[in-house]
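**Student:** Before anything else, here's the structure in question.
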Amino acid sequence: MKNILIALFILLLGHSHAQEQKLLFFQTNWGNTLSWDAFCDRAKKSGFDGIDVWLPSNPESQNALKTALKKHNLLLNLMHGTNKSVPFKQSLTQFEEKLKVLVQWKPVLINCHTGNDFFTTEQNKAFIEVANKISEESGIPIYHETHRGRFSYNLPDTKKYVRLIPDLKLTLDISHWMVVHESLLEGQSKELEEIVDRSYHIHARVGHAEGPQVNDPEAPEWQKALDRHLDIWEQIIRKCWSEGQDVVTITSEFGPPTYLPALPYTQIPVADQWKANVFIMNTLKKRMKIE
Numbered sequence: 458m459k460n461i462l463i464a465l466f467i468l469l470l471g472h473s474h475a476q477e478q479k480l481l482f483f484q485t486n487w488g489n490t491l492s493w494d495a496f497c498d499r500a501k502k503s504g505f506d507g508i509d510v511w512l513p514s515n516p517e518s519q520n521a522l523k524t525a526l527k528k529h530n531l532l533l534n535l536m537h538g539t540n541k542s543v544p545f546k547q548s549l550t551q552f553e554e555k556l557k558v559l560v561q562w563k564p565v566l567i568n569c570h571t572g573n574d575f576f577t578t579e580q581n582k583a584f585i586e587v588a589n590k591i592s593e594e595s596g597i598p599i600y601h602e603t604h605r606g607r608f609s610y611n612l613p614d615t616k617k618y619v620r621l622i623p624d625l626k627l628t629l630d631i632s633h634w635m636v637v638h639e640s641l642l643e644g645q646s647k648e649l650e651e652i653v654d655r656s657y658h659i660h661a662r663v664g665h666a667e668g669p670q671v672n673d674p675e676a677p678e679w680q681k682a683l684d685r686h687l688d689i690w691e692q693i694i695r696k697c698w699s700e701g702q703d704v705v706t707i708t709s710e711f712g713p714p715t716y717l718p719a720l721p722y723t724q725i726p727v728a729d730q731w732k733a734n735v736f737i738m739n740t741l742k743k744r745m746k747i748e
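Mind the numbering: the sequence shown is residues 458 to 748 in our numbering, read in order.
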């Protein structure tokens, strides 16, 4: 179903599908202060195929988002997450109700920060099952991001869920696990195989053993970390292509201060967030020989 949906979006963009292997890149609006029109204009001019956003709650902002997407001919990924500040049952109800709203937007996919690292396995499983049910009913892919603070906060625990839930599909943001496991997971390639096999969307940010985001992915001191992430991302891309998923979606997700390190007192960021995301997109395109 996902291949059909994305193929339709690509046709709207004026591309031909014809079983050609492609990458679609999405720019995060994390930390964005521009209007929707200005943000979409910049994303389009920077070479992105779409944007990756949390749906605004304000109806006026929602209308502005729709207008900007159409004007600049961009695709849409939506973000969603479990509310960890309320009790389990209330959180599950909120999670389900909001998902039903999000699928009405017909995004390319919905990416979820699912569950809570303090919930039980059965409680976290309930969120995944609700999302999978809505995904099946709507035809909209709903993926569960590997993320600190969620059911998927580390590699060993996520593998337990992968084995427990056959239709669990992941967004891999490996940068979270680099800091959780205080390593580049260089000796864990075998352990990662099941995760790669269940990953269908990528959040492309470079982490390291002491943090989820290097200060500047272009800096030579981070070459080893960059190469390690590229290796894992390429595994996912080639796995998806080999399974007939001709279009693979990737969100460049370097964040703003203070996720992006900033100078003390002034809080001036030490690097350019937008530039980092464009660099990651172009580096992956070059790596995968994508025009």
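Beta carbons are placed, not taken as given, at the ideal position from N, Cα and C, and that holds for glycine.
1) Do Phe711 and Pro677 come within 9 Å of each other at the CB atom, strictly closer than that value?
2) Would you mind stating whether Met738 and Ser503 have Cβ atoms separated by less than 9 Å?
3) Does the stretch 653 to 666 come close enough to the stretch 679 to 697 that 3 or more CB-CB pairs lie under 8 Å?
4) Using CA atoms only, rank isn't needed, just tell me which of Asp624, Leu533, Gly538 is closest to Arg605.
5) Contact defined as beta carbons within less than 8 Å: I believe Ile659 pairs with Ile707. What is the distance between those atoms, to the nearest angstrom?
6) Taking C-alpha atoms, which residue in Phe482, Val560, Glu477 lies nearest to Leu741?
7) Quickly, what does DSSP pair Gln670 with across the bridge? List them, please.
8) Take Leu566 as the anchor and find which of Pro718, Asn534, Asn573, Asn515 has the nearest alpha-carbon.
9) Less than 8 Å between C-beta atoms, sequence neighbours within five positions excluded: which residues of the same chain meet that for Lys617?
10) How far does the beta strand (DSSP E) with Tyr760 in it extend, from its first residue to its last?
11) Under 6 Å Cβ to Cβ from Asn672, same chain only, skipping five residues before and after it: list those, please.
12) With Tyr600 as the anchor, note down where its beta strand (DSSP E) starts and where it stops.
13) Residues in the same chain with beta-carbon distance under 6 Å from Pro669, minus the five sequence neighbours each way, listed in chain order, please.
14) By a C-beta neighbour count over all protein chains shown, 10 Å radius and 16 as the cutoff for buried, is Tyr600 buried or exposed?
15) For Phe736, count neighbouring Cβ atoms within 10 angstroms of its own Cβ and tell me buried if that reaches 16, exposed if not.
16) Which residues in the same chain have their Cβ closer than 8 Å to the Cβ of Ile747, if we skip the five residues on either side of it in sequence?
17) From the DSSP output, in three-state form, read off Trp511 for me.
18) If you scan the stretch 500 to 580 from start to end, which runs of the alpha helix (DSSP H) of 4 or more residues do you find wholly inside it?
19) Alpha carbon to alpha carbon, how far is Glu586 from Gln812? Give it in angstroms, no decimals.
20) Cβ of Leu522 within 9 Å of Cβ of Trp493?
21) For Thr615, which of helix, strand or coil comes out of DSSP?
22) For the alpha helix (DSSP H) holding Val636, just list the boundary residues, first then last.
23) Going by beta-carbon coordinates alone, are Trp487 and Tyr716 separated by less than 9 Å?
24) Helix or strand or just coil, what does DSSP make of Leu720?
25) On the premise that Ser595 lies in contact with Leu627, defined as a C-beta separation below 8 Å, what is that separation, rounded to the nearest angstrom?
26) Pull up the distance between the alpha-carbon of Leu505 and that of Asp703, whole angstroms please.
27) Kindly indicate the opening and closing residues of the alpha helix (DSSP H) around Gln730.
28) For Ser492, does the three-state DSSP call read helix, strand or coil?
29) Could you give the C-beta distance for Glu602 and Ser592, rounded to a whole number, given that I count them as a contact under 8 Å?
30) Suppose the cutoff is 7 Å on Cβ atoms and the five residues either side in sequence are ignored; what does the same chain contact list for Trp690 look like?
31) With DSSP collapsed to three states, give me the class of Pro726.
**Tutor:** The structure says:
1) no
2) yes
3) yes
4) Nearest of Asp624, Leu533, Gly538 to Arg605, Cα basis: Gly538.
5) 5 Å
6) Checking every option, the nearest Cα to that of Leu741 belongs to Phe482.
7) Beta-bridge annotation (DSSP): Gln670 is not paired with any residue.
8) Asn534
9) Thr578
10) Any question about residue 760 goes unanswered here, given that the chain covers just 458 to 748.
11) Pro718, Val727, Ala728
12) 599 to 602
13) Ser632, His633, Val636
14) buried
15) buried
16) Lys479, Leu480, Leu741
17) Here Trp511 sits in strand by DSSP.
18) Entirely contained in the stretch 500 to 580, the alpha helix (DSSP H) runs reaching 4 residues are, in chain order, 516 to 529, 545 to 559.
19) As displayed, the chain neither begins before 458 nor continues past 748, which places residue 812 out of reach and without an answer.
20) yes
21) helix
22) 631 to 637
23) Yes; because the gap between Cβ atoms is below 9 Å, this pair is in contact.
24) In the structure shown, Leu720 sits in coil (DSSP, three-state: anything other than H, G, I, E or B).
25) That pair is no contact at about 19 Å.
26) A quick correction: the sequence has Phe, not Leu, at residue 505. Distance between the alpha carbons of Phe505 and Asp703 is about 18 Å.
27) 730 to 744
28) coil
29) Going by Cβ atoms, the distance from Glu602 to Ser592 rounds to 14 Å, so no, they are not a contact pair.
30) Ile659, Ala661, Leu741
31) strand
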